[in-house]
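Visitor:
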Amino acid sequence: MTRRFLPPILLLAAAHGCGATTDCERRDPYPAILTGAETLTQRAGSLSFVARDDNTLTATTYRATGFDEATGPIVFVLHGARRDAQAYLAAIAPYAERAGALAIAPEFPERLYPNSEDYTLGLGVNGPPSGGTYDAGEWRPESDTTFMELEHLFEAIKGALPGAASRCDYLVFGHSAGAQFTHRLLLFHPTARVRRAVAANAGWYTLPVSSSGDANTEMPYGLTGSPVSAQDVTQALSRELIVLLGQADTATADEDPDLRGTDEAQAQGTNRLERGRHFMATVEGLGEPHRWTQSEVPGAAHNVTQMAGSAAWWLFRPDGATPCQPSTAAEGAGIVFNEVLADPPNDAPGDANGDGARDNLQDELVELVNTGDSAVCLAGWGLGDAEDSFRHRFPVGTSLGPGEALVVFGGGVPTGPFGGVTVQIADFDGSLNLQNAGDVLRLSTPDGETVLALSWGDCAGSACAADHLTDDLERDAAITRSPELTGAWVTHGGAGYSPGTMADGGALVE
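Letter 100 of the sequence shown, counting from 1, is numbered 131 in the working numbering, and no numbers are missing.
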């Protein structure tokens, strides 16, 4: 006889007895069967695995060059309704590289899971359970839900990587439909081995409340009609979840056909930003201790690349770290541009970001240094050009201490030590788009106040900055200050660029 969905806490008790069991001691009894597991030892690739519903699924992977099988972060990346797992992995890969992580993006394809809720609400035998009355026959066994595929896949990865056999837990990042999947994973399986999860820009939510007679809390909009108990909710609230919201994700159901427009969904808000805030207000209204955090990304719309940097800060941050509050323009007066590469050298020598391929946009770079006496919080600040002041928005948590440096590349997956400084990519517009003939490079506060500007050539038809170079930057090399930080701009010698270090390769940051 097949056991139907059993509240997770009871299932663990049945599996492990009455004694407490830690995540490190637990073993999933249904590890996924992998094909192409050798991909896990390579920088990038894909593997396949058999799900509990007997579907063969694909997962795209990225392994950072410095990933340690015993200690490096393992993060699952959950795609949206368009099932574009590769694009989602590409969005997080630059940050996984900096964090020394292994990122895995399983794909739940439309041909096997035709409706979005077949993926994000994979709890029922014949579709998602709904309504306010619990019927055990409608629910799958706990081990067979779509959410538990992460547990099965994690167990298989532990078996495939010799150094990972004793791994205790994993991270989760989901955006859009993937964020629906992520928060429901914790609600319906609060004992899953998730160390930390980020749910970004979900279209709508399953509220962690039950209220008989209230359609807005009936499954799947709430827990009425589910087997989830008050004890399960308490357990779920004890897990670390970050509800990450783009402040420009404000399209309504009339404007966005992918946004659910039912009365129950509309009761949560008219757009994704409102619905996320409503979800967290509901959590606060429970009056219970919890580890669920609301965080917002200035300027970010419904775009995974615009959210990835902030999601990565939350995922990979040290335990206990909290995001800084954006500094004012006056507080950022000590920031200087120290190196700018608008025209990467041709061919292989132009691979400034070190990812193995020269690209005229991705290998552009800007190096900033804080010469002031106090830390500057750059969260939400913009780096841009004459056409767009926000080609890049610095993610949540970006702080530059006195004497510290930060490098922003146009794109790609920056790979290398770069002097140990913070490294980011321009993920709001997809590039820095610096014009060789002339442009204006700007650093701005979140509300668009210019703090720092550098211009060259014809300034792209805009007003030139006080710090202006009359010549263009078609030099097959960066420009850098000589002496560093305070001197005049000169063409970089030698390799043509030195992101994160002095021009001679010496340490820029002590």
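Where is the CB? At the ideal position from N, CA and C, for every residue including glycine.
Predicted model, so just to flag it, every value in this text is computed and none were measured.
Going by the beta-carbon positions, is the gap between A509 and V371 smaller than 8 angstroms?
Guide: Counted from its first residue, the sequence shown places residue 509 at position 478. Counted from its first residue, the sequence shown places residue 371 at position 340. Going by C-beta atoms, A509 is nearer than 8 angstroms to V371.
Visitor: In three-state DSSP terms, what is D349?
Guide: Numbered from its first residue, the sequence shown carries residue 349 at position 318. A small correction: the amino acid at residue 349 is Pro; Asp does not occupy that position in the sequence shown. The answer is coil: DSSP assigns P349 none of H, G, I, E or B.
Visitor: Are the Cβ atoms of Y201 and A134 separated by less than 8 angstroms?
Guide: Here the question's residue 201 lines up with position 170 in the sequence shown. Here the question's residue 134 lines up with position 103 in the sequence shown. No.
Visitor: List the residues that DSSP assigns as beta-bridge partners of Y201.
Guide: As a first step, residue 201 is located in the sequence shown; it is residue number 170 there, counting from the start. DSSP output for Y201 lists V225 as bridge partner(s).
Visitor: Quick one: what's got a C-beta closer than 8 angstroms to E480's C-beta in the same chain, skipping five residues either side?
Guide: To locate residue 480, count along the sequence shown from 1; it is residue 449. Once the five neighbours on either side are set aside, the close Cβ partners of E480 are A360.
Visitor: Ignore the nearest five residues each way along the sequence and tell me which others in G256's own chain have a CB closer than 6 angstroms to its CB.
Guide: Within the sequence shown, residue 256 is the residue found at index 225, counting from 1. G162, G163, T164, Y165, E249 and M250.
Visitor: Does the pairing of the region 212 to 219 with the region 183 to 198 give three or more beta-carbon distances under 8 angstroms?
Guide: With the cut-off at 8 angstroms, the region 212 to 219 and the region 183 to 198 do not touch.
Visitor: Just the C-alpha distance for M338 and A279, rounded to the nearest angstrom, thanks.
Guide: One-based indexing of the sequence shown puts residue 338 at position 307. One-based indexing of the sequence shown puts residue 279 at position 248. Their backbone Cα atoms lie some 11 angstroms apart in a straight line.
Visitor: Less than 8 angstroms between the C-beta atoms of D470 and C490, yes or no?
Guide: One-based indexing of the sequence shown puts residue 470 at position 439. One-based indexing of the sequence shown puts residue 490 at position 459. For D470 and C490, yes; Cβs fall inside 8 angstroms.
Visitor: Near A296, what residues of its chain come up, given a Cβ to Cβ distance below 6 angstroms and the 5 sequence neighbours on each side ignored?
Guide: Position 265 of the sequence shown, counted from the start, is the residue given in the question as residue 296. Around A296: W235.
Visitor: For G525, collect the residues of the same chain with a Cβ closer than 6 angstroms to its Cβ; drop the 5 residues on either side in sequence, then sort them by chain order.
Guide: What you label residue 525 is simply residue 494 of the sequence shown in a count that begins at 1. There are no such residues.
Visitor: Let me confirm a value: D175 is counted as buried when at least 16 other C-beta atoms fall within 10 Å, else exposed. Which label applies?
Guide: Residue numbering aside, residue 175 sits at position 144 when the sequence shown is read from its first letter. Looking at its Cβ environment, which holds 16 or more other Cβ atoms inside 10 Å, D175 is buried.
Visitor: Return the chain-ordered list of same chain residues with a C-beta closer than 7 angstroms to the C-beta of A497, the five sequence neighbours on each side being excluded.
Guide: Position 466 of the sequence shown, counted from the first residue, corresponds to residue 497. Cβ neighbours of A497 beyond the five flanking positions: none.
Visitor: Where do the ends of the beta strand (DSSP E) carrying D470 lie?
Guide: By 1-based counting over the sequence shown, the position of residue 470 is 439. Element bounds for D470: G469 to S475.
Visitor: For Y119, name the three-state secondary structure that DSSP assigns.
Guide: As a working mapping, residue 119 is identified with position 88 in the sequence shown. Here Y119 sits in helix by DSSP.
Visitor: Are D386 and V454 touching if we call contact CB-CB under 8 angstroms?
Guide: The sequence position of residue 386 within the sequence shown is 355, counting from 1. The sequence position of residue 454 within the sequence shown is 423, counting from 1. Taking 8 angstroms as the Cβ cut-off, D386 and V454 do not qualify as a contacting pair.
Visitor: In chain order, what residues of the same chain lie with their CB nearer than 8 angstroms to the CB of E186, ignoring the 5 residues before and after it?
Guide: Here residue 186 corresponds to residue number 155 of the sequence shown, with the count starting at 1. Result list for E186: R58, D59, Y61, P62 and A63, in chain order.
Visitor: What does DSSP give as the partner residues of Y252 in its beta bridges?
Guide: If you number the sequence shown from 1, residue 252 lands on position 221. Bridge partners of Y252: none, in fact.
Visitor: Given R303, which residues of its chain have a CB within under 8 angstroms of its CB, disregarding the five upstream and five downstream residues?
Guide: Within the sequence shown, the letter at position 272 stands for residue 303. Cβ within range, chain order: N232, A233, G234, L276, G277, D280, T281, A282, L290 and H333.
Visitor: Is it right to say P320 is buried, meaning 16 or more other beta carbons lie within 10 angstroms of its own, or is it exposed?
Guide: Working through the sequence shown from its first residue, we reach residue 320 at position 289. Label assigned to P320: exposed.
Visitor: To the nearest angstrom, report how far apart A538 and E515 are at their CA atoms.
Guide: Translated into positions along the sequence shown, residue 538 becomes position 507. Translated into positions along the sequence shown, residue 515 becomes position 484. Going by the C-alpha atoms only, they are around 11 angstroms apart.
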